[in-house]
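Residue numbers (my numbering): 2 to 296.
Here a beta-carbon is modelled for each residue, glycine too, at the ideal position from N, C-alpha and C.
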């Protein structure tokens, strides 16, 4: 088994030639932490220009402690992540321990009880929550307590928002859904997971994530959701984001079963320099969308 010190790899990096490290106090730092990957972006807060993107793949780990140690190693070796003078920091967690609750039913003191409906809460996990969806939804999620405490110390003197990947996707696609004619199905292909979203009249109708073990699982879950929502698989538009290339064998196979499919673009309101032309526009939507979450 790989040791934690050797088990992260930078697989994508784009740095805008305008990026000035001495002006971090004018920038937002976006971090997304999963069990198999980490993404980082830096955005000029005033201009909304993305000036840095990094994507790391993590080796297979066996415990929260190993992930925690690995993240500490990554941060220690990084020239920017330990800086404490950002304009603001937004940290998103990618895990399956979350629950979505209507605000009318939410009681903060009972947040852990909502989460226990969907997931087993470990003794070393802390429960957090985010209000989003135009104020119409609250997402409760779990974070490993030691990791959260460490992040709070790292960014003790910075304005920090903690949130969940599902919040970024739901909130980030709200303006897309509001501008659509009809009600497409929205798909985000993550590493080892599939996220499916549907909106109706500008409000979230459906969101869920599915663990993917083989390619056939993608089509199976999409068809199950379409049927449950009463969507016509032949006519419903499907808009696709995530880790799937336009010319990849997976996309060609995907297209055999989901015919009316198109790729989505980047979140509106962000600016990208020419160096980001190498990044396909449907990639990293969940990371970039963190810029538009309620603080």
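Spatial distance of residue i from residue j (CA atoms)
| i | j | result |
| --- | --- | --- |
| residue 297 | residue 52 | Missing from the structure shown is residue 297; the chain here goes from 2 to 296 and no further. |
| residue 22 | residue 82 | 12 Å |
| residue 252 | residue 154 | 42 Å |
| residue 145 | residue 163 | 13 Å |
| residue 44 | residue 55 | 12 Å |
| residue 25 | residue 18 | 15 Å |
| residue 295 | residue 246 | 31 Å |
| residue 227 | residue 197 | 10 Å |
| residue 106 | residue 87 | 36 Å |
| residue 120 | residue 229 | 23 Å |
| residue 85 | residue 171 | 29 Å |
| residue 158 | residue 241 | 38 Å |
| residue 75 | residue 124 | 26 Å |
| residue 176 | residue 257 | 29 Å |
| residue 79 | residue 36 | 19 Å |
| residue 280 | residue 286 | 11 Å |
| residue 284 | residue 20 | 21 Å |
| residue 179 | residue 202 | 7 Å |
| residue 152 | residue 276 | 30 Å |
| residue 232 | residue 70 | 45 Å |
| residue 108 | residue 189 | 30 Å |
| residue 225 | residue 133 | 27 Å |
Cβ-Cβ separation, residue j to residue i (assumed contact under 8 Å), whole Å
| i | j | result |
| --- | --- | --- |
| residue 139 | residue 131 | 7 Å |
| residue 191 | residue 243 | 6 Å |
| residue 322 | residue 174 | The requested residue 322 does not occur in the structure, where the chain is confined to residues 2 to 296. |
| residue 148 | residue 72 | 7 Å |
Bridge partner(s) assigned by DSSP for residue i
| i | result |
| --- | --- |
| residue 19 | Answer is none; residue 19 lacks a bridge partner. |
| residue 145 | 126 |
| residue 243 | 190 |
| residue 33 | 40 and 93 |
| residue 255 | Answer is none; residue 255 lacks a bridge partner. |
| residue 58 | 10 and 38 |
| residue 132 | 139 |
| residue 204 | 201 |
| residue 51 | 44 and 273 |
| residue 196 | 189 and 210 |
Same chain only: Cβ atoms within 7 Å of residue i, ignoring 5 sequence neighbours per side
| i | result |
| --- | --- |
| residue 183 | 238 |
| residue 288 | 31, 33, 40 and 42 |
| residue 213 | 193, 194, 195 and 219 |
| residue 165 | 93, 94, 99, 131, 140 and 142 |
| residue 102 | 115, 139 and 141 |
Contacts around residue i, its chain only, beta-carbon distance under 8 Å, and the 5 residues preceding and following it disregarded
| i | result |
| --- | --- |
| residue 259 | 220, 223, 234 and 239 |
| residue 48 | 272 |
| residue 122 | 98, 113, 116, 128 and 143 |
| residue 46 | 27, 28, 29, 88 and 89 |
| residue 12 | 56, 57 and 58 |
| residue 261 | 235, 236, 237, 238 and 239 |
| residue 50 | 17, 19, 44, 271, 272, 273 and 274 |
Same chain, Cβ closer than 6 Å to residue i, five either side skipped, listed in chain order
| i | result |
| --- | --- |
| residue 282 | 266 and 267 |
| residue 16 | 53 |
| residue 2 | Note on residue 2: pLDDT 35, under 50, position unreliable in the model; no value is reported. |
| residue 62 | 68 |
| residue 7 | Confidence at residue 7 is low in this model, with a pLDDT of 46, below 50, so its placement is unreliable and the value that follows should be read with caution. Excluding sequence neighbours, residue 7 sits near nothing in its chain. |
| residue 91 | 31, 162 and 291 |
| residue 206 | 199 and 200 |
| residue 65 | 145 |
Beta-carbon gap between residue i and residue j smaller than 8 Å
| i | j | result |
| --- | --- | --- |
| residue 57 | residue 77 | no |
| residue 169 | residue 141 | no |
| residue 167 | residue 208 | yes |
| residue 9 | residue 59 | yes |
| residue 137 | residue 204 | yes |
| residue 293 | residue 274 | no |
| residue 216 | residue 254 | yes |
Interface flag, residue i vs chain C, CB-CB below 8 Å
| i | result |
| --- | --- |
| residue 166 | The structure shown contains no chain C; it holds only a single protein chain. |
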